[in-house]
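S.K.:
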Amino acid sequence: MQLRVPGPTPCPNEVLQAMSRQMIGHRGKEFGELMRHITDGLKKAFQTKNDVLILTNAGTGGLEAAVVNMLSPGDKVLSVSCGVFAERFADIATQYGAEVDHIRFEWGEASDPDVVRQRLQNNTNYKAVLVTQNETSTGVTDDIASLAKVIKEHDKLMLVDAVSGLGAIDLPVDEWQCDVVVTGSQKAWMIPPGLSMISVSEKAWQAYKEAKMPRYYFDLGKAKTFLEKDQTPWTPAVSLFYGLEAALELMEAEGLANVFARHTKVATTIRSGLKSMGLSLFPKNESIASDSVTAVRVPEGVDVNKLRQVLREDYSLFIAGGQQKLGGKIFRIGHLGWVTEKDAEEILASVKGALPKVGFSPR
Ligand SMILES: *Cc1c(COP(=O)(O)O)cnc(C)c1O
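Counting from 1, position 285 in the sequence shown corresponds to residue 388 in the numbering used here; the numbering is continuous, with no gaps.
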C-alpha cells in the first residue's frame, strides 16, 4: 500500500530496523548518547541554536505545550488562520483561558502579512501571535518569513505550528526569529507518530518564566532541566528515538537543502500531473501551494469516497479526503518525508487510472 496521506507517512527500512532494537534504560549512558545525537541532528534540521525539546505525544500535544508554557490565562493572543489546524491551535489557547482574537483568511488562501501588520499596529497589547507554516487542511504554505518580519517589528512572541512543514519546507528558525516552533514525528520526519519536537528561543524562555497556565506533563522547563542531563523528565518512546536517530542520519546524508529541493520537485510533478489531467488545485494560486501536501478540488459529480476506495482497492494507494467543511469537496495527497519522483509518477498513474471509474475522464 502506498500510504500518501499528510501523516502518518511511510518509514524507510533504516528507520524500521533501528526501531526493532532492544530496549535500553532511559536513565543510562547509552540513552544519553542517543539523546545528544538526536538533539544535535534536530538543531541542524530546525536551523537553530535554540533549545530543541523532544516530547512523547502527538503533534497536538506539542501545540498544547507551546501554549501552556508561554501564556497566562487572560493574555491577549492573535490567531492568524487559513484552515483547520490554525483553528485548533487557537482553540487550545482559548481552552486554557487566553483571550484569542482571530484573523481568518478564506480557506485556500494564504495569510496576508499586511493584514496582520495592520492589526498589530492598532492593537499593541497582544502577548503572542499564533501562525501555521503549512496548513495541511487546505494544502497552503504560509509566508512565514514575511509573517515573522511583521511579528518581530512589533516585538511579539511568535508561536509556529510547523507540524507538517518542518523538515520538508525550509524554515530557518533562527534567521526568521521564530520563538516556538512545533513539529510532529509522523509528518516529514519519516518515523511513526508519537513524538513532537519543539524549539524554544531565549525570548520564549523569558515568557515561560511569567506564564501561568497550568502544566505538568508538558512543562518545557522540566524538559530543559532533564535535557541538560541528556534525559527526558518522563519515560520517552525509546523506539521512536531510535527511529529518529536513523531518520536524521538519512536527512543529513542527503543534505537539508536537497531534502527541501526533493519536496519541491515531487510536489511540482504532482501538481502539474494533476492539472494536465484536467483537475484543479484547491489553493487559490500555485505560488502558495504546499510542497508537502496537495489539495485538489473534487470534480463535479465525482464521489470522493468512491475515488478513495477505488484508489485503495485497485491501486493500493491511500490518500486523504477533506476535513470539516471541505469534506467531499477536496482530496489531499501527502508527499512528505520518504517520497521520491518515482512515487510521484506512481501516484499520478494511479489517480489517472482511477478517475474514469468514478465518472471523470482525465485529459
Ligand atoms: C498533523 C498536524 C497537526 C496535528 O498533529 P497530530 O499528531 O495529529 O496531533 C497539527 N498541525 C498541523 C499543521 C498538522 O498537519
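Glycine included, each C-beta is placed from N, C-alpha and C at the ideal position. Here the structure is a predicted model, which is why all the values come from computation and not from measurement.
Indicate whether residue 300 and residue 433 have their beta-carbon atoms separated by less than 8 Å.
M.R.: No. Outside cutoff.
S.K.: How far does the alpha helix (DSSP H) with residue 264 in it reach, from first residue to last?
M.R.: Where residue 264 is concerned, there is no enclosing alpha helix (DSSP H), although the beta strand (DSSP E) it sits in stretches over 260-264.
S.K.: From this set, 269, 412, 336, which residue's C-alpha is nearest residue 366's C-alpha?
M.R.: When each option's Cα is compared against that of residue 366, the closest is 269.
S.K.: When you measure from the CB of residue 296 to every non-hydrogen atom of ligand 1, does any distance come out below 7 Å?
M.R.: Residue 296: yes, Cβ under 7 Å from ligand 1.
S.K.: For the beta strand (DSSP E) holding residue 205, just list the boundary residues, first then last.
M.R.: Run containing residue 205: 202-207, per the beta strand (DSSP E) assignment.
S.K.: CA-CA distance, residue 117 and residue 355?
M.R.: Spanning the two alpha carbons is a distance of roughly 14 Å.
S.K.: Use the C-beta contact count for residue 340: other C-beta atoms within 10 angstroms, 16 or more gives buried, fewer gives exposed.
M.R.: The residue in question, residue 340, is buried, as its Cβ has 16 or more Cβ neighbours within 10 Å.
S.K.: Under 7 Å from any heavy atom of ligand 1, does the C-beta of residue 166 make it?
M.R.: Because some heavy atom of ligand 1 lies under 7 Å away, the Cβ of residue 166 counts as near it: yes.
S.K.: If you check the beta carbons only, do residue 181 and residue 232 fall under 8 Å apart?
M.R.: Closer than 8 Å, so yes.
S.K.: Assign residue 153 to buried or exposed, taking buried as 16 or more other Cβ atoms, counted over all protein chains shown, within 10 Å of its Cβ.
M.R.: Buried, by the Cβ-count rule.
S.K.: With DSSP as the reference, identify every bridge partner of residue 105, one or two as the case may be.
M.R.: In DSSP, residue 105 forms a bridge with 420.
S.K.: Is residue 105 near ligand 1, going by C-beta to nearest heavy atom under 7 Å?
M.R.: The answer is no for residue 105.
S.K.: Any heavy atom of ligand 1 within a distance shorter than 7 Å of the CB on residue 162?
M.R.: Result yes, Cβ under 7 Å from ligand 1.
S.K.: Is it buried or exposed for residue 452, if we count other Cβ within 10 angstroms and need 16 for buried?
M.R.: Exposed, by the Cβ-count rule.
S.K.: For the beta strand (DSSP E) holding residue 157, just list the boundary residues, first then last.
M.R.: That run of the beta strand (DSSP E) goes 154-159.
S.K.: Excluding the 5 residues preceding and the 5 following residue 440 in the sequence, name in chain order all residues of the same chain whose CB lies nearer than 6 Å to its CB.
M.R.: Contacts found: 112, 291, 293.
S.K.: Considering just the uninterrupted stretch of the beta strand (DSSP E) at residue 286, what are its terminal residues?
M.R.: Here the beta strand (DSSP E) through residue 286 covers 283-287.
S.K.: Three-state secondary structure (DSSP) at residue 453?
M.R.: Correct three-state label for residue 453: helix.
S.K.: Assuming the contact rule is C-beta atoms closer than 8 Å, residue 335 and residue 140 should be a hit. Round their C-beta distance to whole Å, please.
M.R.: In fact, because the Cβ distance is near 14 Å, the residues do not count as touching under 8 Å.
S.K.: Let me check understanding here. Comparing Cα to Cα, which of 217, 444, 205 lies closest to residue 375?
M.R.: Per the Cα distances, 444.
S.K.: What residue from 217, 120, 283 has the CA that sits closest to residue 309's CA?
M.R.: Ranking 217, 120, 283 by Cα distance to residue 309 puts 283 first.
S.K.: Taking just the CA atoms, how far does residue 410 sit from residue 461?
M.R.: Computed Cα separation, rounded: 6 Å.
S.K.: Check whether the region 386-403 and the region 421-437 are in contact - that is, three or more C-beta pairs closer than 8 Å.
M.R.: Touching, per the Cβ criterion.
S.K.: With H, G and I counted as helix, E and B as strand and the rest as coil, what does DSSP make of residue 463?
M.R.: Coil.
S.K.: Can we say the region 197-205 touches the region 165-180, given the rule of at least three CB pairs closer than 8 Å?
M.R.: With the cut-off at 8 Å, the region 197-205 and the region 165-180 touch.
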